[in-house]
Structures are given as structure tokens and as C-alpha cells.
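A.B. asks:
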Ligand code: TYD
């Protein structure tokens, strides 16, 4: 029985998801909610190994392998982390979910038909759909420069991880893909434009999350 509330953040590389995830969890915890923050890829022990295999630029894996590793990471994450926390009544805040695969592997890489990719994802996640998805929009130029800065600080991948190295055209397809998906899932997607300050965006996200949690 699912009793918790499931919040997902999506957006291109460098769009500021981790900052907004931290701020939202802080605000919701101040209100007394039990929050669990997690991320994909790499939200479990096995997932952290998969994450390095997927993102390490030195690892030469095929695009199909990349897809199946993301799905494996997600299946493990939902089974071990997300579903138990939701059953426990927690507010789960997750950076990236299957929309990332629909956009990066489906729309940007065009690896396989969208409907089939959706079915594979639904199988991986036991049909668990988020209650709300906050989509942080940003231009490919801005996102890529931010992502490269943070991966130099946070990881050993100089010049970005394997996916960031795909470059600006790829990031343009990613952004277009997200905007398309946001229209498709418009009852749960909240689109946040790039022009606003961190505080303004965080305030809008908090108000929207609170409203939806209270009406759940
Ligand atoms: P990460 O460092 O987590 O990116 P960010 O901080 O921007 O969220 O790296 C994850 C990368 O993997 C990112 O480039 C998006 C990509 N990705 C996919 O291509 N497909 C997926 O299903 C997921 C979850 C991520």
C-alpha cells in the first residue's frame, strides 16, 4: 500500500537539480515531513557501481548497454529504496527518474521506439509514477558549462562525464525532448523557467509541493 508522496526533479545536465532538491527537502522537513532524498543513477550500492560504469568516459560501452544499465539501476532503486520508503509513508525526493531515459536514450539517442521504451521503464519501476515532477529548464550552453564545472569539482571526470561529452547538439535534443514530455505528462509536470533566481524557483517548488501533498 503506497502512502507516501513521490517527487521527482528532472532537467538537463547543469540545470540545478541538486540545489533545488536540497532546498525542498529542508523546507518540507521544517514542516515536519519525513523526507528521503535519493538520485539516479546511483541510488543503491549496486547502483553506484553501475553509475561509474555508465558515466566514466574511459569505459567504452555501447549505447544499448548504456540503456540497460540505466534500467537495471532504476529497477534496483525502485525495489530497494523508493517503493519501501513510499510504503513507509515518506516523502521521496528523487533527482532524475524514467523521464531521463525517455529523453536521453529515447528522444536524443533514438535508441528504440518511444512506446517500447515506456513499457520497459514501467516494468522496471513496478508502474510507480511520481505525484509531481519539477522540470528545471535551462539553455544547453548554460547547462553544459555548469555541468562541466561541477563534474570537475565532484568527480574525476575532467571535461565532463561520458554523457556531458556528447556536446551542445545533444543537449539541445535533450531540452526539446523534455519540453515535449512535459506537455505529454502535463498533469504532473511543473515547468520552471531558467530566468528566475534560485530563491524564486525554490519558493515556487515548495508552494507547489506543499499544495499537492496537502491535497493528496
Ligand atoms: P549526473 O551527474 O547525475 O547528472 P546531473 O547532476 O545533471 O543529474 O549524471 C547523470 C547523467 O546520466 C546525465 O547526463 C543524464 C544521464 N542519464 C541518462 O542519460 N539516462 C537516464 O536514465 C538517467 C537517469 C541519466
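Residue numbers (this note's numbering): 1 to 216.
For each residue, glycine too, the CB sits at the ideal point set by N, CA and C.
Computed from a prediction, not measured in an experiment: that's the story for all the values here.
Just the Cα atoms here: how many angstroms apart are residue 26 and residue 34?
C.D. replies: Position 26 of the chain shown, counted from the start, is the residue given in the question as residue 26. Position 34 of the chain shown, counted from the start, is the residue given in the question as residue 34. In a straight line, the C-alpha of residue 26 is about 10 Å away from that of residue 34.
A.B. asks: Find the nearest neighbour of residue 96 within the set 60, 136, 166, judged by alpha-carbon distance.
C.D. replies: For the purposes of this step, residue 96 is identified with residue 96 of the chain shown, where counting begins at 1. The candidate whose alpha carbon is nearest that of residue 96 is 136.
A.B. asks: Under three-state DSSP, which class holds residue 44?
C.D. replies: The residue labelled residue 44 in the question sits at position 44 within the chain shown. Here residue 44 sits in coil by DSSP.
A.B. asks: Identify whether residue 21 lies in helix, strand or coil by the three-state DSSP scheme.
C.D. replies: As a working note, residue 21 is residue 21 in the chain shown. If DSSP states are grouped into helix, strand and coil, residue 21 belongs with the helices.
A.B. asks: Which one of 185, 168, 52 has the shortest CA to CA distance from residue 14?
C.D. replies: The residue you call residue 14 lines up with position 14 of the chain shown. Considering only alpha carbons, the answer is 168.
A.B. asks: I'd like the list of long-range same chain contacts for residue 47, defined as Cβ closer than 7 Å, with 5 residues on each side in sequence excluded.
C.D. replies: Start at 1 with the first residue of the chain shown, and residue 47 comes out as number 47. So the list reads 41, 73, 76, 77, once near-sequence residues are dropped.
A.B. asks: Taking C-alpha atoms, which residue in 134, 54, 53, 62 lies nearest to residue 17?
C.D. replies: For this step, residue 17 is matched to residue 17 along the chain shown. Closest by alpha carbon: 134.
A.B. asks: Which whole-angstrom value is the C-beta distance of residue 71 and residue 124, which I expect to be below 8 Å?
C.D. replies: Counting from 1 along the chain shown, the entry for residue 71 is found at position 71. Counting from 1 along the chain shown, the entry for residue 124 is found at position 124. Confirmed, about 5 Å.
A.B. asks: Taking Cβ to Cβ, would you say residue 67 is nearer than 9 Å to residue 101?
C.D. replies: Mapped onto the chain shown, residue 67 falls at position 67. Mapped onto the chain shown, residue 101 falls at position 101. Taking 9 Å as the Cβ cut-off, residue 67 and residue 101 qualify as a contacting pair.
A.B. asks: I need the boundaries of the alpha helix (DSSP H) containing residue 170, first residue and last residue.
C.D. replies: Locating residue 170 in the chain shown gives position 170, counting from the first residue. Residues 168-184.
A.B. asks: Would you kindly work out how many angstroms separate the C-alpha atoms of residue 45 and residue 52, rounded to a whole number?
C.D. replies: To locate residue 45, count along the chain shown from 1; it is residue 45. To locate residue 52, count along the chain shown from 1; it is residue 52. When rounded, the distance between both Cα atoms is 12 Å.
A.B. asks: How would you call residue 58, buried or exposed, if buried means at least 16 neighbouring beta carbons within 10 angstroms?
C.D. replies: Here residue 58 corresponds to residue number 58 of the chain shown, with the count starting at 1. Exposed, by the Cβ-count rule.
A.B. asks: Residue 10 lies in the beta strand (DSSP E); which residues open and close that run?
C.D. replies: Within the chain shown, residue 10 is the residue found at index 10, counting from 1. Looking at the DSSP string, the run of the beta strand (DSSP E) that includes residue 10 is 5-10.
A.B. asks: Entirely within the region 90-149 and at least 3 residues each: give me those beta strand (DSSP E) ranges in chain order.
C.D. replies: Those beta strand (DSSP E) runs which fall completely within the region 90-149 and span 3+ residues are 91-95, 132-136.
A.B. asks: How long is the line joining the alpha carbons of residue 142 and residue 157, rounded to whole angstroms?
C.D. replies: Here the question's residue 142 lines up with position 142 in the chain shown. Here the question's residue 157 lines up with position 157 in the chain shown. Computed Cα separation, rounded: 19 Å.
A.B. asks: Straight-line CA distance for residue 172 to residue 166?
C.D. replies: The count along the chain shown starts at 1 and reaches residue 172 at position 172. The count along the chain shown starts at 1 and reaches residue 166 at position 166. Their Cα atoms are separated by approximately 11 Å.
A.B. asks: Am I right that residue 69 and residue 54 are in contact with their C-beta atoms under 8 Å? What's the rounded C-beta distance?
C.D. replies: Reading the chain shown from its first residue, position 69 is the one you call residue 69. Reading the chain shown from its first residue, position 54 is the one you call residue 54. Going by Cβ atoms, the distance from residue 69 to residue 54 rounds to 5 Å, so yes, they are a contact pair.
A.B. asks: Smallest Cα separation from residue 215: which of 106, 132, 196, 112?
C.D. replies: Sequence index remark: in the chain shown, residue 215 carries index 215 (1-based). For residue 215, the nearest C-alpha among the options comes from 132.
A.B. asks: Taking C-beta to C-beta, are residue 185 and residue 86 nearer than 9 Å?
C.D. replies: Indexing the chain shown from 1 puts residue 185 at position 185. Indexing the chain shown from 1 puts residue 86 at position 86. Not in contact: residue 185 and residue 86 (Cβ atoms no closer than 9 Å).
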